[in-house]
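Student: Chains as they are written, first to last, in this note's numbering: chain A, 73 to 265; chain B, 92 to 299; chain C, 2 to 286.
Where a beta carbon is used, it is the ideal one built from N, C-alpha and C, also for glycine.
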Amino acid sequence: MEKLLSIIFIYILVDNFVFQRFFGICPFLGVSRKMETAIGMSMAVVFVMTLATLATWLIYTFVLVPFNLSYLQIVTFILVIASLVQLVEIILRKISPTLYQGLGIFLPLITTNCAVMAVVLLAVRQEFSLLESVIFALAASLGFSMALVIMAGIRERQELAKIPAALKGSAVTLITAGILSLAFLGFKGMLTL
Amino acid sequence: MKVNNPYLQDLTQGIVKENPTFRLLLGMCPLLGVTAYIVNGLGMGLAATAVLIASNLVISMLRNFIPPQVRIPCFIVIIATFVTIIEMVLQAFQPVLYEALGVFVPLIVVNCIILGRAEAFASKKPVLRSLSDGIGMGIGFTLGLVILATVREIIGQGTIFGPDPESAIHLFGANYEPMALFAQPAGAFIALGLLLGMVNVIFKRFNI
Amino acid sequence: MREVIRLSLTLAVVGIISASMLTSIHGVTAPIIAERQEAEYRQALELYFSDFDRFETEQLDDDYFDLLYNSSGKLIGIMSTIQQQGYDGYITYNLAVDSEGTILGLLIVSHTETPGLGDVITTAVYQEQFVGKSFKDPITAGEDVDIVSGATVSTSAMINSIRRVIGFIAVNYLGQESETIDITQVPNGTYQGSASGLCGPITVQVKVTDGMIISIEVLEQSETPTYFIESYPLIPDQIIAEQHFDIDTKTGATMSAEGIIAAVRAALSEKKEDQSGGEEDNESE
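1. Just curious, the beta strand (DSSP E) that residue 59 of chain C is in, first and last residue?
2. Output, in sequence order along the chain, the residues in the region 147 to 167 of chain C whose CB is closer than 8 Å to any CB in chain A.
3. Distance, Cα to Cα, residue 238 of chain C vs residue 115 of chain A?
4. Can you tell me where the alpha helix (DSSP H) holding residue 106 of chain A begins and where it ends?
5. Have a look at residue 272 of chain B and residue 245 of chain B and give me their C-alpha separation to the nearest angstrom.
6. Is residue 112 of chain C buried or exposed, if buried means 16 or more other CB atoms sit within 10 Å of its CB?
7. Roughly how many angstroms separate the alpha carbons of residue 282 of chain C and residue 106 of chain C, rounded to a whole number?
8. Got a sec? Which residues, its chain only, sit under 7 Å from residue 87 of chain A by beta carbon, not counting five neighbours each side?
9. Does any C-beta atom of chain B lie closer than 7 Å to the C-beta of residue 86 of chain A?
10. Looking at the unbroken beta strand (DSSP E) that takes in residue 192 of chain C, where does it start and where does it end?
11. As a quick exercise: from C:155, C:135, C:98, C:138, pick the residue whose alpha carbon is nearest that of residue 120 of chain C.
12. According to DSSP, simplified to helix, strand and coil, what is residue 291 of chain B?
13. Would residue 231 of chain B be called buried (16 or more neighbouring beta carbons within 10 Å of its own) or exposed?
14. Quick one: which residues of the region 187 to 201 of chain B get their C-beta closer than 8 Å to a C-beta of chain A? List them in chain order.
15. Compare the C-beta of residue 185 of chain B against all C-beta atoms of chain C and say whether one is closer than 7 Å.
16. So is residue 29 of chain C buried or exposed if we call it buried at 16+ other beta carbons inside 10 Å?
17. If you count every other CB in all the chains shown that lies within 10 Å of the CB of residue 248 of chain B, and 16 or more means buried, which is it?
18. Taking Cβ-Cβ distances below 7 Å as the criterion, which residues of the region 5 to 28 of chain C are in contact with chain A?
19. Look up residue 124 of chain C in the DSSP assignment and say whether it is helix, strand or coil.
20. For the putative contact between residue 226 of chain B and residue 148 of chain B, defined by C-beta atoms under 8 Å, what is the C-beta separation to the nearest angstrom?
21. Using a C-beta cutoff of 7 Å, does residue 273 of chain C count as contacting chain A?
22. Whole angstroms is fine: what's the gap from residue 87 of chain C's alpha carbon to residue 82 of chain A's?
23. By a C-beta neighbour count over all protein chains shown, 10 Å radius and 16 as the cutoff for buried, is residue 18 of chain C buried or exposed?
24. Closest by CA to residue 136 of chain B, which one among B:166, B:195, B:170?
25. Starting from residue 66 of chain C and walking both ways along the beta strand (DSSP E), at which residues does that stretch end?
26. Using a Cβ-Cβ cutoff of less than 7 Å, which residues in the same chain neighbour residue 242 of chain A once the five nearest sequence positions on both sides are dropped?
27. Which whole-angstrom value is the C-beta distance of residue 179 of chain B and residue 204 of chain B, which I expect to be below 8 Å?
28. Give the straight-line distance between the Cα atoms of residue 230 of chain C and residue 236 of chain C, rounded to the nearest whole angstrom.
29. Any idea if residue 80 of chain C is buried or exposed, counting beta-carbon neighbours within 10 angstroms, 16 or more meaning buried?
30. For residue 86 of chain C, which beta-bridge partners are listed by DSSP?
31. Verify the CB distance criterion: does residue 89 of chain C have a CB-CB separation below 7 Å to chain A?
32. Between residue 151 of chain B and residue 15 of chain C, what straight-line distance do the alpha-carbon atoms span, to the nearest angstrom?
33. Give the range of the alpha helix (DSSP H) segment to which residue 217 of chain A is assigned.
34. Would you report the Cα separation of residue 216 of chain A and residue 137 of chain A, rounded to the nearest angstrom?
35. What span of residues does the alpha helix (DSSP H) with residue 164 of chain B cover, start to end?
36. Output yes or no for whether 7 Å exceeds the beta carbon distance between residue 122 of chain A and residue 210 of chain A.
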């Protein structure tokens, strides 16, 4: 129990995927312009990341390891993520068209979101149990979502601010991310696994 | 300056006009994650370039055999295969670099540059042009990594060619207190943001 | 239907080619990787123990101790591989110790300490201060080894860990008497001692009656309150219950816990020396 709580705390605040580990920077820069899209992307990431970790953990533990095929993990994991995204897309379209409208356009982007790949690889590398892996994925994706939402809030206001022409667009976003990362540095070392 | 040779054009496009780092903003995760030292940045760049060239080549060769409906999964498997090969080769022959790059080696597989080039270029163009596109994009990405790593290592560590003490050159003598911020994630974001601003100014000035 | 078969067939072919390629390359690189890792470790061993012939590995939790023997079967030293909690994750290091219990060298295998601050532990200057120290030395911050400012946690974690490891090696593998304090020999009385915790000195008052520690009180400390409660009163209670200092300090506040133990140890060992002087005084009266 204590370990699970530490995992949650660590991967949301201490080792935030975006601000401390540099995973998922592309969507972080790409979809943080508006709060609405940021929230849509966040929900899609939480959903896919947790499911993907569950699936890859089971495949890794019960197929790859027993057959001594762990060197195929990159190929297997990326295929699992890609097909999972497809599957979620199809199911969502059938079951809940409203949710699909909200998340649909973000789903294809998730295949190349390196935060998802990172979370499934790290879950295996850190030898987490199934429950720990799922909690880890949940915490990491929530951390990612938090970063995305914070950034979107700032960027919506930045639209109105006077910014030097050269820094407009991604440059100022990166510098803002740097300052946010500096703030998160305050959590560093507070808790380790 | 007008270049007529399409191969040369493909090559230079990736280095300057469509530089993946400074113009397209692709492959940001490894760009920020491994650039605390120049050596690591260079190693990452070369590894990604190798995967990019190989995947561009193979995908271009197979472009008429792969049905469009399943092209994305096929591309992904091809890219993942080359990434795994690079990972094994690094682990066997460059263990120090392999340790330093860590999880960013397998993450080359989700580097948007590689899938992006496969989808936008290699799946449509002949083999040799895809090859020069791969080389150009690879050099462009490596260049971005090395430039950011140089800035970060000089300011954040006061050295170049670290962290190996045998090759590290201390630029400012032993008493220099480095600005540790730039060795940390926050510094990576800020340095890249400022570099982007600089590149924007230069490109505007020369109308590229 | 034919379309579906064609698509899945293409995917299957791509997958099979990929898997077989990787399998054959794995067959080539896997032995190279294994061989290189072993060769690297042997090289590290030969750096410190030029004439070793074979070694035996003993494991304790996550730590490994390789006992090295020369060709005539004599124990010439120990190479340990230790996992230690640092500031941010684990530090794994090798400590080479000769048969006299003296440190020959320190090698950081892997760490995730903050770049530019905590990674000072990988520098030769920092590591060399441990070389030549033996289990008889205090190996205490501020006495014979230094804490690096800006990297207090990383460097003092290393110091405390090395002190514990070398003590463990000396007692368990080299048959040395550890200089632990025999509590039963401590005369009745109240003793004070201090040692450094995470944020500053910790001073404790220890009461001994009939060769037993009956109470431990912390008089002064400046630890982080939220962490300190993890080790106080838990650690003093454990010392009182077990009547020795070999206590598991893997709480959420390892540094404070070790600080308390070191302070109690200091209180009893210093007073013992004073006591002998005191007795002489008594006789002259």
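Tutor: Per the coordinate set shown:
1. Walking along the third sequence from the start, residue 59 of chain C turns up at place 58. 53 to 61 is the extent of the beta strand (DSSP E) around residue 59 of chain C.
2. 154
3. Locating residue 238 of chain C in the third sequence gives position 237, where the first residue counts as 1. Locating residue 115 of chain A in the first sequence gives position 43, where the first residue counts as 1. Their backbone Cα atoms lie some 48 Å apart in a straight line.
4. Here residue 106 of chain A corresponds to residue number 34 of the first sequence, with the count starting at 1. Premise fails: residue 106 of chain A is in no alpha helix (DSSP H) and is neither H nor E.
5. As a position in the second sequence, residue 272 of chain B is number 181, starting the count at 1. As a position in the second sequence, residue 245 of chain B is number 154, starting the count at 1. Rounded to the nearest angstrom, the two C-alpha atoms are 12 Å apart.
6. In the third sequence, counting from the first residue as 1, residue 112 of chain C sits at position 111. So residue 112 of chain C counts as buried.
7. Within the third sequence, the letter at position 281 stands for residue 282 of chain C. Within the third sequence, the letter at position 105 stands for residue 106 of chain C. Any reading at residue 282 of chain C needs caution, since the residue's pLDDT is 38, under 50, leaving its predicted position unreliable; the model's value is listed next. Near 45 Å, if we compare the C-alpha coordinates of residue 106 of chain C and residue 282 of chain C.
8. Start at 1 with the first residue of the first sequence, and residue 87 of chain A comes out as number 15. So the qualifying residues of the chain are 93.
9. Reading the first sequence from its first residue, position 14 is the one you call residue 86 of chain A. No, residue 86 of chain A does not count as interfacial toward chain B.
10. For the purposes of this step, residue 192 of chain C is taken as the residue at position 191 of the third sequence. Per DSSP, residue 192 of chain C belongs to the beta strand (DSSP E) from 190 to 197.
11. Working through the third sequence from its first residue, we reach residue 120 of chain C at position 119. Comparing Cα positions, the closest option is C:155.
12. Residue numbering aside, residue 291 of chain B sits at position 200 when the second sequence is read from its first letter. Helix.
13. As a position in the second sequence, residue 231 of chain B is number 140, starting the count at 1. The residue is buried, with at least 16 neighbouring Cβ atoms inside 10 Å.
14. 194, 197, 198, 200, 201
15. Counted from its first residue, the second sequence places residue 185 of chain B at position 94. No - not a single Cβ of chain C is within 7 Å of the one on residue 185 of chain B.
16. The count along the third sequence starts at 1 and reaches residue 29 of chain C at position 28. So residue 29 of chain C counts as exposed.
17. Numbered from 1 along the second sequence, position 157 holds the residue referred to as residue 248 of chain B. Its Cβ being crowded by 16 or more others within 10 Å, residue 248 of chain B is buried.
18. 19, 20, 23, 27
19. Residue 124 of chain C sits at position 123 when you count from the first residue of the third sequence. In this structure, residue 124 of chain C counts as coil in the three-state DSSP scheme.
20. One-based indexing of the second sequence puts residue 226 of chain B at position 135. One-based indexing of the second sequence puts residue 148 of chain B at position 57. The pair is not a contact, with the Cβ atoms about 10 Å apart (cut-off 8 Å).
21. On the third sequence, position 272 is the one that residue 273 of chain C refers to. Because the pLDDT of residue 273 of chain C is 48, which lies under 50, any placement of that residue in the model is unreliable, and the number read from its coordinates should be weighed accordingly. No, its Cβ sits nowhere closer than 7 Å to a Cβ of chain A.
22. For the purposes of this step, residue 87 of chain C is taken as the residue at position 86 of the third sequence. For the purposes of this step, residue 82 of chain A is taken as the residue at position 10 of the first sequence. Approximately 15 Å, taken between the alpha carbons.
23. Stepping through the third sequence from its first residue, residue 18 of chain C is reached at position 17. Residue 18 of chain C is exposed by the Cβ-count criterion.
24. Within the second sequence, the letter at position 45 stands for residue 136 of chain B. That would be B:195, whose Cα lies nearest to the Cα of residue 136 of chain B.
25. The sequence position of residue 66 of chain C within the third sequence is 65, counting from 1. That run of the beta strand (DSSP E) goes 64 to 71.
26. On the first sequence, residue 242 of chain A is found 170 positions in, with the first residue counted as 1. Closer than 7 Å at Cβ, skipping near neighbours: 101.
27. By 1-based counting over the second sequence, the position of residue 179 of chain B is 88. By 1-based counting over the second sequence, the position of residue 204 of chain B is 113. Contact doesn't hold; Cβ gap of about 22 Å is too wide.
28. As a working note, residue 230 of chain C is residue 229 in the third sequence. As a working note, residue 236 of chain C is residue 235 in the third sequence. About 10 Å.
29. In the third sequence, counting from the first residue as 1, residue 80 of chain C sits at position 79. By the neighbour-count rule (16 or more Cβ atoms within 10 Å), residue 80 of chain C is buried.
30. As a first step, residue 86 of chain C is located in the third sequence; it is residue number 85 there, counting from the start. In DSSP, residue 86 of chain C forms a bridge with C:91.
31. For this step, residue 89 of chain C is matched to residue 88 along the third sequence. Judged by the 7 Å Cβ criterion, residue 89 of chain C is in contact with chain A.
32. On the second sequence, residue 151 of chain B is found 60 positions in, with the first residue counted as 1. On the third sequence, residue 15 of chain C is found 14 positions in, with the first residue counted as 1. Spanning the two alpha carbons is a distance of roughly 14 Å.
33. Numbered from 1 along the first sequence, position 145 holds the residue referred to as residue 217 of chain A. Start and end: 202 to 230.
34. Taking the first residue of the first sequence as position 1, residue 216 of chain A is located at position 144. Taking the first residue of the first sequence as position 1, residue 137 of chain A is located at position 65. Between residue 216 of chain A and residue 137 of chain A, the C-alpha separation is close to 30 Å.
35. Here residue 164 of chain B is taken as the residue at index 73 of the second sequence, counted from 1. Where residue 164 of chain B is concerned, the enclosing alpha helix (DSSP H) stretches over 162 to 184.
36. What you label residue 122 of chain A is simply residue 50 of the first sequence in a count that begins at 1. What you label residue 210 of chain A is simply residue 138 of the first sequence in a count that begins at 1. Closer than 7 Å, so yes.
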